[in-house]
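Just so you know, the protein sequences line up as chains A and B, in that order.
So the first sequence is numbered by numbering that gives the first Met the number 0: it starts at 0 and just counts up by one.
So the second sequence is numbered by numbering that gives the first Met the number 0: it starts at 0 and just counts up by one.
By construction, the Cβ of each residue, glycine as well, lies at the ideal position given by its N, Cα and C atoms.
These figures come from a predicted structure and were not determined experimentally.
Right, one structure below, let's go through it.
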Amino acid sequence: MSKKVLVLGEAREGALRNVSFEAIAAAKTVSGGGEVVGLLVGESVQSLAEELIQYGADRVVTVEHPHLKHYTSDGYGQAFMAVYEQEKPDAVVFGHTANGKDLAPKIASKLGSGLISDVTAIEGEGDESLFVRPIYSGKAFEKVKNKEGLLFFTIRPNNIAPLEKDASRTGEISSVSVDITNLRTIIKEVVRKSTEGVDLSEAKVVVAGGRGVKSADGFKPLEELANLLGGAVGASRGACDADYCDYSLQIGQTGKVVTPDLYIAAGISGAIQHMAGMSNSKVIVAINKDPEANIFKVADYGIVGDLFEVVPMMIEEIKKVQTN
Amino acid sequence: MNIYALVKRTFDTEEKIAVSNGKIVDDGAEFIINPYDEYAIEEAIQIRDEHGGEVTVITIGDEEAEKQLRTALAMGADKAVLINTEDDLDEMDEFTVAKLVAEYLKDKNADVILAGNVAIDGGSGQVGPRVAELLGINYVTTITDLKIDGTSAKIIRDVEGDSETIETSLPLLVTAQQGLNEPRYPSLPGIMKAKKKPLEELELDDLDIDEDDVEPKTETVEIFLPPAKEAGRVLEGDLADQVKELVNLLNKEAKVL
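Written out as structure tokens, the structure reads:
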């Protein structure tokens, strides 16, 4: 049976996030040839609709309202439900982002449906789809199927490949007017702390520091390397506990689980809890003074040495490669 | 103030995971309170100490989970509730768990409900928001600060590293992010006292729930381990040459630059 799939796109600072395109690709897989409908919610999102179509959505529905400027579960929930009632989809896909994680369980609960969270791969297609998701922070994986009712899942950023962008694709863009009322939570202020706007969970490159970084200042070379590679900075629990950095940077079984193309671990020994958060990265580089450090067991490439010597040298070498 | 904390018993983070016959092997494993739930319990205790009232910790599981509840009582919670599903339910998913919790809480007039933002085993982070929706109350996830004043609450929420300042009102459910507080260790007198604190055990019948009402919507069909990562190459030679070689390998072999 072909399915109609509704995909909630997500914008950050006026641009669609990659995970939205990945979600469209996931929706195509489960649709079994059915229709993929993109949904954009915000204060002003109309201009982003076309790009969602270029990445594979058949058409896009937008909900715009001044109260949707910031994400709130009430506001976005009301917008989503209005479109859900209109479209009556067979399946729904969100990104497993901070806001996607916040909203999806509320909607699933409201609809009395299941929800398969944090999917990293889909096996099979259409009705036969099985959803692969990490458990124990990636120490193991499970394959889950939907037993009955609405199929609802969220996808982890950076794992499912988006479709190729096709600038010639066109589709209908329509808007639904929703009176957003009774917001029970009000966002007073948003403070941006992320480096250079690259989100850790979506970054293609992560440069992470551990106790070996020794101080908050010690993160500076790592930041420079991350910026050079268009990546984000992460940390081990040791570095966070020692107050070298904010807990929001922590990677591991408590903290974030990341799967970038390139993970550079500097001054990280490789406790099992940290490895759970990064060992599924595609390529891992370890830099550590201790040749016996556990991190070398999962590293594709290792350098035994002082990160304060190695990282600046790497920066210089990479600059040379980039200018060639 | 009527305060509840939702607690899950999980594998210790030190544990390696093994799979046998399609199931996670738990023989001999150490179990702990899910680390994010410890923040929830600590915050619940601090709210009670500041505003008065009572902290009740709730978990779902079998009798083994009593140990984690006693730990929460030793930290300072006042009462514990175990919803024992061992005899009634073979399979549960987040739909099931949220429904059981909400069914228990629906007539309790909770002012604040706290939970971890995610459990380190299942890792879906669904139960908190699902319970709030079933109870029809406000919720905020991944919080790093909570100030309650009368019936209003001021919250800082971690949003992928950014932080939002949020105002909302009670009754309220929040889920804890790392950094919310420093969970205390149970003290020896705390452990002694915990033995005498009330621990109520309920089954589905006591909650007036039929098994069919909580039938899971999703099913795990397979559990597997990721392919073991093989140790790669530790480079050798002069440090400057190693770095050159590394950047060359990343560029040409791994193609990630």
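Proximity below 8 Å, CB of residue i to CB of residue j
{"i": "A/V29", "j": "A/V4", "result": "yes"}
{"i": "A/L47", "j": "A/L38", "result": "no"}
{"i": "A/G170", "j": "A/A56", "result": "yes"}
{"i": "B/L133", "j": "B/A175", "result": "no"}
{"i": "B/E42", "j": "B/L104", "result": "no"}
{"i": "A/T153", "j": "A/F93", "result": "yes"}
{"i": "B/V56", "j": "B/I40", "result": "yes"}
{"i": "B/R156", "j": "B/A64", "result": "no"}
{"i": "A/I115", "j": "A/G76", "result": "no"}
{"i": "A/G276", "j": "A/K255", "result": "yes"}
{"i": "B/V117", "j": "B/V139", "result": "no"}
{"i": "A/I250", "j": "A/G233", "result": "yes"}
{"i": "A/V59", "j": "A/L51", "result": "yes"}
{"i": "B/E210", "j": "B/D87", "result": "yes"}
{"i": "A/P259", "j": "A/A202", "result": "yes"}
{"i": "B/L5", "j": "B/V126", "result": "yes"}
{"i": "A/A24", "j": "A/I159", "result": "yes"}
{"i": "A/Q272", "j": "B/T12", "result": "yes"}
Three-way DSSP call (helix, strand, coil) for residue i in this model
{"i": "A/E124", "result": "coil"}
{"i": "B/R183", "result": "coil"}
{"i": "B/D144", "result": "strand"}
{"i": "A/A103", "result": "helix"}
{"i": "A/R58", "result": "strand"}
{"i": "A/V257", "result": "coil"}
{"i": "A/G208", "result": "strand"}
{"i": "A/Y243", "result": "coil"}
{"i": "A/N145", "result": "strand"}
{"i": "B/N250", "result": "helix"}
{"i": "B/Y35", "result": "helix"}
{"i": "A/Y70", "result": "coil"}
{"i": "A/L110", "result": "helix"}
{"i": "B/K243", "result": "helix"}
{"i": "A/V309", "result": "helix"}
{"i": "B/I190", "result": "helix"}
{"i": "A/N17", "result": "helix"}
{"i": "A/N158", "result": "coil"}
{"i": "A/K219", "result": "helix"}
{"i": "A/G32", "result": "coil"}
{"i": "A/V82", "result": "helix"}
{"i": "A/N287", "result": "strand"}
Distance, residue j Cα to residue i Cα
{"i": "A/R210", "j": "B/L248", "result": "27 Å"}
{"i": "A/G266", "j": "B/T143", "result": "27 Å"}
{"i": "A/G300", "j": "B/G27", "result": "The residue asked about is misnamed: residue 300 of chain A is Tyr in this sequence, not Gly. Whole-angstrom Cα-Cα distance: 35 Å."}
{"i": "B/P185", "j": "B/L72", "result": "8 Å"}
{"i": "A/A22", "j": "B/K192", "result": "51 Å"}
{"i": "A/V297", "j": "A/L261", "result": "13 Å"}
{"i": "B/V130", "j": "B/L224", "result": "31 Å"}
{"i": "A/L248", "j": "A/G208", "result": "10 Å"}
{"i": "B/T167", "j": "B/V158", "result": "17 Å"}
{"i": "B/K194", "j": "B/L206", "result": "25 Å"}
{"i": "B/E199", "j": "B/E53", "result": "15 Å"}
{"i": "A/V310", "j": "A/S235", "result": "17 Å"}
{"i": "A/G113", "j": "B/K216", "result": "5 Å"}
{"i": "A/D242", "j": "B/G178", "result": "11 Å"}
{"i": "A/T184", "j": "B/Y38", "result": "22 Å"}
{"i": "B/D48", "j": "A/C244", "result": "30 Å"}
{"i": "B/A76", "j": "B/L68", "result": "9 Å"}
{"i": "B/N83", "j": "B/I16", "result": "25 Å"}
{"i": "A/V190", "j": "A/D73", "result": "21 Å"}
CB-CB length for residue i against residue j, believed under 8 Å
{"i": "A/L149", "j": "A/V91", "result": "7 Å"}
{"i": "A/N98", "j": "A/Y135", "result": "The pair is not a contact, with the Cβ atoms about 25 Å apart (cut-off 8 Å)."}
{"i": "A/V118", "j": "A/R155", "result": "7 Å"}
{"i": "A/K187", "j": "B/T150", "result": "Not quite, the Cβ-Cβ distance comes to about 17 Å (not below 8 Å), so this is no contact."}
{"i": "A/V257", "j": "B/L256", "result": "At roughly 18 Å, the Cβ-Cβ gap does not stay under 8 Å, so A/V257 and B/L256 are not in contact."}
{"i": "B/I208", "j": "B/L99", "result": "7 Å"}
{"i": "B/V233", "j": "A/V303", "result": "6 Å"}
{"i": "A/A238", "j": "A/V212", "result": "6 Å"}
{"i": "A/V143", "j": "B/V96", "result": "Actually they do not touch by this definition, with Cβ atoms about 15 Å apart."}
{"i": "B/V111", "j": "B/L171", "result": "6 Å"}
{"i": "B/I46", "j": "B/I147", "result": "6 Å"}
{"i": "B/I222", "j": "B/G21", "result": "6 Å"}
{"i": "A/K2", "j": "A/G41", "result": "The pair is not a contact, with the Cβ atoms about 26 Å apart (cut-off 8 Å)."}
{"i": "A/I179", "j": "A/A78", "result": "7 Å"}
{"i": "A/I286", "j": "A/L306", "result": "5 Å"}
Any chain C beta carbon closer than 8 Å to residue i
{"i": "B/N137", "result": "As a matter of chain content, chain C is missing from the structure shown, whose protein chains are A and B."}
Going residue by residue through the region 67 to 153 of chain B, where are the continuous beta strand (DSSP E) segments of at least 3 residues, counting only ones entirely within it? DSSP runs (the beta strand (DSSP E)) wholly in the region 67 to 153 of chain B: 78 to 83, 111 to 115 and 137 to 148.
For the region 198 to 225 of chain B, list the beta strand (DSSP E) runs that are entirely contained and at least 3 residues long, ordered along the chain. Listed in chain order, the complete beta strand (DSSP E) runs (minimum 3 residues) inside the region 198 to 225 of chain B are 198 to 201 and 217 to 223.
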